[in-house]
Structures are given as structure tokens and as C-alpha cells.
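Residue numbers (our numbering), protein chains in the order written: chain A, 726 to 874; chain B, 1287 to 1462.
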């Protein structure tokens, strides 16, 4: 099977969605950052780290949530938000905030190649959640930098 | 036939040329959401669309048709539904150098079956002559076997003229 066909198979099937180009060691390190964020902040109930193109890499999620779908949706939302910010203020997006009836979801860039999706509990303190999510995103970005060099 | 401000959806597999096609016929630079690919996908493409492409064209009668391009990968199939809502019809692009382009034709026709039933579709075969896996007749036969008769064109997705032929064909299909 050629590389191209493997990729198309991967693109059109649910198989092979195990996030792009990350070693198991790196994945565990990234997951460790999510664990740390969750233990530091009671307002946060889960998180997913994805590649910018919507592949899930690491997650701490309550059962029933599909990391692959959240990774893809987060990547789409963040990419569109980047466009809106660029076309209105010629600036970058710090975060995307979804305020729903039953809790907030935050999506943040975590360096150039990654993004972080954070799920907050109902009645969570937004400032507190955002602060911990931002810290985690910065740590992910730093880890990526170290992996690249 | 349709109100000002209708929209057409471009879909199809990764690498079929959806983003290029919309850019080719747009009056203005499209809204693009391509980001760097990761993992295996990085081997075939540097970037991929993760939300949508958007632009519009002005028809000769002054009407504006909005163009929405979907991401190709199934993991973004939620965008297929979001973008198709209220659409006039589908331009389906299939790259003929895919290992199984007829399978891809089946896959996307099935995925968009409800939308196609309510509206219409034209099929554009791109990347003909690169590493051909099927002929136009093969595509027509496959459609015939499915009991569906849709226009099939060989197109260069980067050619404004070719993409306009697809769009005009779709509008003609929808008039009938």
C-alpha cells in the first residue's frame, strides 16, 4: 500500500486517528500536563491536546466524550476564529470561549502546531479556569519547543 | 430560480482540489482555514482545510452565489452537515490518482445522500492524467450501477474556466 493510499484510508476511516507524529513518551508527557492542570484547578473537568489539523494527541476526559470529535471541532473553531481576529483587528486569537448552559469550553493555541481544549464544570469560575488553561497551553508550547530542538 | 445569496457546497476527498477550485473562480481572495498537516497526512500535503473555504462569485445576471468548501477528512464530517444546511447543491471533486477513486465517489455520494436527494450534484474528476485509476466512462458506469445519473466532468481544479463549467452545470441541473 502506498503512503498516499494509507493516508486516504486514514482520512476516510476512524482507524489511524492516533494523532500525528508524536512518540508515546511525548504523548505521556503531554498527558501529564493535563493531569497537572486538573489537579491544580477544581473548576476544570477535562482537556484534550490536539494537533492544529484536528488529530487528538492526549486527553483526560470524562467518559462518553469522544476526543477525536472534540479535537476536530476545536481545530475548526480555532482556525475560523483566527480568521475573524485577523480580518477585524489583524491580530491573533488568545482563546475561544464557548459559554453553554451547562459549563464553559475553552480552546487555546498551544504553540504553532498544537491546541488545547479545556472543559469547565458548571458554575466554574471563568477567570480561574482561563488562568490554569493558559498556563497549561504555555507548558505544552514549551514542551513542543523542546521536542523540536 | 433561486434567491440572491444562495450557496453551493464543494466537497470530496483530501487532495481533490476543493480549496484550489474555490480560489480559482472567486472574485475575491477566499476565507481559508488551512493549517499545517501532522503525522502521515504531512507526507502528501503541507496544509489541509480544517473548517471551511468560503468565497462567492457574481453571476452574469448580477446574482451572487456563495461558495463553501468542506474539509475532506471524515473527522470533520460535522462541518459537512453544518456547511450543507440551506445549500443549493453539491460540487463533488474526486482526484483520479487516488488508489480507489470509484470507492471515494461512493463514499461521498453516500455521505451527502440526503443533501443530494433534496438538491443536486455534479461530479468533477481532477488530476486526470497523473496516475489514472479510472476513466470518465468508469465513473458514469458506477453512477449508472447506483441508479443515479449525474453530470461528470474531467476538470483541472485550478482552472477558473473548468470550475465555472462545473458550477454552471450544477445550476442547470437544479433548474430542471
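In this text, a Cβ means the ideal position worked out from N, Cα and C, and glycines have one as well.
Boundaries (first-last residue) of the alpha helix (DSSP H) holding residue i
| i | result |
| --- | --- |
| residue 1412/B | Where residue 1412/B is concerned, there is no enclosing alpha helix (DSSP H), although the beta strand (DSSP E) it sits in stretches over 1407 to 1412. |
Of the listed residues the options, nearest to residue i (C-alpha basis)
| i | options | result |
| --- | --- | --- |
| residue 782/A | 773/A, 789/A, 864/A, 790/A | 773/A |
| residue 788/A | 797/A, 780/A, 770/A | 770/A |
| residue 1306/B | 1324/B, 1328/B, 1338/B | 1338/B |
| residue 1361/B | 804/A, 824/A, 792/A | 792/A |
| residue 778/A | 784/A, 800/A, 814/A | 800/A |
| residue 860/A | 746/A, 820/A, 747/A, 849/A | 820/A |
| residue 796/A | 784/A, 823/A, 862/A, 806/A | 784/A |
| residue 837/A | 810/A, 798/A, 863/A | 863/A |
| residue 1311/B | 1352/B, 1300/B, 1326/B | 1352/B |
| residue 808/A | 1348/B, 1400/B, 1335/B | 1335/B |
| residue 1445/B | 1325/B, 1293/B, 1412/B | 1412/B |
| residue 1407/B | 1363/B, 1460/B, 1383/B, 1431/B | 1460/B |
| residue 1350/B | 1292/B, 1448/B, 1424/B, 1417/B | 1292/B |
Any non-hydrogen atom of the ligand SAM closer than 8 Å to residue i Cβ
| i | result |
| --- | --- |
| residue 1312/B | Ligands displayed in this structure: none; no statement on the ligand SAM is therefore possible. |
Nearest-angstrom beta carbon gap, residue j and residue i [assumed within contact, 8 Å]
| i | j | result |
| --- | --- | --- |
| residue 831/A | residue 818/A | That belief does not hold up - the Cβ atoms of residue 831/A and residue 818/A are roughly 12 Å apart, past 8 Å. |
| residue 1369/B | residue 1405/B | Between residue 1405/B and residue 1369/B the Cβ distance is about 13 Å, and since that is not below 8 Å, they are no contact. |
| residue 1428/B | residue 1457/B | With 8 Å as the limit, residue 1428/B and residue 1457/B do not qualify as a contact, their Cβ atoms being about 24 Å apart. |
| residue 847/A | residue 828/A | 5 Å |
| residue 1465/B | residue 1304/B | Any question about residue 1465/B goes unanswered here, given that chain B covers just 1287 to 1462. |
Any chain B beta carbon closer than 9 Å to residue i
| i | result |
| --- | --- |
| residue 765/A | no |
| residue 805/A | yes |
| residue 871/A | no |
| residue 877/A | Chain A is shown from 726 up to 874; residue 877/A falls before or after that span and cannot be answered. |
| residue 793/A | yes |
| residue 753/A | no |
| residue 777/A | yes |
Own chain partners of residue i with C-beta closer than 6 Å, once the 5 adjacent residues on each side are dropped
| i | result |
| --- | --- |
| residue 1410/B | 1379, 1439, 1441, 1452 |
| residue 1356/B | 1297, 1365, 1366, 1369 |
is_contact[residue i, chain A] using C-beta, thresh 9 Å
| i | result |
| --- | --- |
| residue 1418/B | no |
| residue 1347/B | no |
Endpoints, beta strand (DSSP E) assigned at residue i
| i | result |
| --- | --- |
| residue 840/A | 839 to 845 |
| residue 1293/B | 1292 to 1297 |
Cutoff 8 Å; reference residue i; Cβ partners in own chain excluding five residues on either side
| i | result |
| --- | --- |
| residue 1434/B | 1395 |
| residue 854/A | 766, 768, 769, 829, 831, 843, 845 |
Other residues of its chain near residue i: CB distance less than 7 Å, five sequence neighbours each side excluded
| i | result |
| --- | --- |
| residue 727/A | Low per-residue confidence applies at residue 727/A: pLDDT is 42, beneath 50, and the placement is therefore not dependable enough to give any value. |
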